[in-house]
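Notes for the one structure printed next.
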Amino acid sequence: MKQIAKEILHQVIKPRNPDTHKYNYGRVLFIGGNQHYGGAAIMSAQAAVNSGAGLVTVACDPINLSSLHSVVPEAVFQDYNDQKSLETIFLKSDVISIGSGLGTEAKSLSLLKMAFELVDHSQILIIDGSAFSLLADNQLNLPPASLILTPHQGEWQRYSGLQIDDQSSENNQKVLSSLSHDPATLVLKKHRTEIYYGNMVWQNTSGNASMATAGMGDTLAGMIAGFVAQFSNHVEAVLAAVYLHGSIGDKLAQKQYVTTPSEIVKQISAEMKSSSI
Ligand SMILES: NC(=O)C1=CN([C@@H]2O[C@H](COP(=O)(O)OP(=O)(O)OC[C@H]3O[C@@H](n4cnc5c(N)ncnc54)[C@H](OP(=O)(O)O)[C@@H]3O)[C@@H](O)[C@H]2O)[C@@H](O)CC1
Ligand SMILES: Nc1ncnc2c1ncn2[C@@H]1O[C@H](COP(=O)(O)OP(=O)(O)O)[C@@H](O)[C@H]1O
Ligand SMILES: [Mg+2]
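Just so we're aligned, residue 1 is where the sequence shown starts under full-length UniProt numbering, counting upward by one.
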């Protein structure tokens with residue numbers, strides 16, 4: 001298993017070409033944020049915006065509209081009940097992240113099915129949070145797209161059928177390759193998060209227990225979305241996002257006991273700047 005170290009940031013994050021505009025940095029769509037979990041979609045959007053995604057849209061329950069705009073005015077709102085408009089935005093997106101705060105009700109399942117039907121080979125689909133509970137309880141095949149799965153160990157247990165004690169590299173690789181036709185990226189979140197792609201396995205070396213706070217994974221999904229939207233090698237971009245998320249937490253934990261998602265997102269851009277030099 002390879003260790004992910006700081007060098008990955010310098011490898012992935014490069015100075016921006018001066019002659020560019022926002023659409024060169026990717027269109028990202030989040031589908032999630034039901035009546036109870038609006039915060040999850042908002043935290044993801046905030047992380048993607050601060051990671052440099054060019055245009056971020058959040059398709060969520062309309063109850064979240066004013067809180068979304070008060071926290072992240074940069075994000076575009078889309079009512080997830082308006083199927084036609086959602087489909088139009090979906091087809092124009094480079095990266096779609098579904099599941100953070102999606103919930104497990106009938107609406108959540110119909111949105112997941114819609115995403116699996118619409119997604120295309122040229123798009124990157126991130127699957128997070130509630131989507132794993134839906135996948136575990138319903139017979140759905142993963143679609144043909146560049147897939148990035150970001151479960152925590154409990155979600156992976158539910159979906160893969162592997163008890164946490166049985167989640168060895170060999171077992172995880174075996175299940176992952178059986179789940180999808182094309183190689184998918186698995187980000188198995190835990191104290192030392194592991195990333196799987198084909199026959200490669202990496203272990204993160206950053207992150208700490210001050211980060212065991214609600215929304216920390218939603219924030220990571222947003223950072224991954226922002227990174228894969230703008231950096232071309234999407235596996236390296238995932239490694240960099242995972243490392244940066246943990247290393248920001250490590251810096252903050254030198255001076256504080258608890259780290260919140262809002263504090264992480266404030267540091268992303270400055271850390272990216274110092275890594276790009
Ligand atoms: N403000 C908001 O809007 C927020 C919205 N959120 C949204 O909520 C949805 C559900 O997300 P969720 O994480 O609560 O998942 P859930 O399906 O209840 O599984 C949790 C169970 O799994 C187990 N477990 C085992 N290993 C684990 C590990 N490493 N890390 C964590 N858990 C681990 C553990 O079992 P235990 O160890 O306690 O026996 C635990 O009881 C999802 O859409 C998410 O985006 C949240 O982000 C919060 C903020
Ligand atoms: N003890 C820990 N050490 C390192 N990282 C942690 C620790 N606890 C939580 N994290 C990180 O926080 C995130 C939690 O993700 P998740 O459980 O999906 O959160 P949520 O769904 O509440 O947003 C993961 O990236 C995980 O690696
Ligand atoms: Mg989560």
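For glycine and all other residues, C-beta sits at the position ideal for the given N, C-alpha and C.
The structure displayed is predicted, hence computed values, not measured ones.
query	result
Measuring alpha carbon to alpha carbon, tell me which residue in Ala53, Val72, Ala47 and Ala41 is nearest Ala59.	Ala41
Round the Cβ separation of Leu186 and Leu149 to the nearest angstrom and send it over; I've been treating them as touching at under 8 Å.	5 Å
Would you tell me roughly how many angstroms separate the C-alpha atoms of Gln167 and Thr20, rounded to the nearest one?	43 Å
Can you list, in chain order, the residues of its chain whose CB lies under 8 Å from that of Leu252, leaving out five sequence neighbours each side?	Ser210, Thr259, Glu263, Ile264 and Gln267
Whole beta strand (DSSP E) runs in the stretch 46 to 72 with 3 or more residues, listed along the chain?	55 to 60
Give me whichever residues DSSP pairs with Trp202 in a beta bridge.	Lys2 and Ile195
Which word fits His245, buried or exposed, when buried means at least 16 other C-beta atoms lie within 10 angstroms of its C-beta?	buried
Compare the C-alpha of Leu29 against each of Gln139, Ile248 and Ala225 and name the closest.	Ala225
Mind checking who Ser97 pairs with in its DSSP beta bridge?	Phe30 and Ile126
Under 6 Å Cβ to Cβ from Ala47, same chain only, skipping five residues before and after it: list those, please.	Thr219, Gly222, Met223 and Val265
State the CB to CB distance for the pair Leu118 and Glu87, rounded to an integer number of angstroms; the pair is presumed to be in contact (CB under 8 Å).	6 Å
May I ask you to check if the CB of Leu102 is nearer than 8 Å to at least one heavy atom of ligand 1?	yes
How do the stretch 182 to 201 and the stretch 153 to 173 stand: do at least 3 beta-carbon pairs fall below 8 Å, yes or no?	yes
Do you know how far the Cα of Pro143 is from the Cα of Glu271?	34 Å
Can you look up Asp120 in the DSSP assignment and give me helix, strand or coil?	coil
Thinking just about the alpha-carbon of each residue, which of Pro15, Ser67, Asp82 and Ile31 is nearest to the one in Gly52?	Pro15
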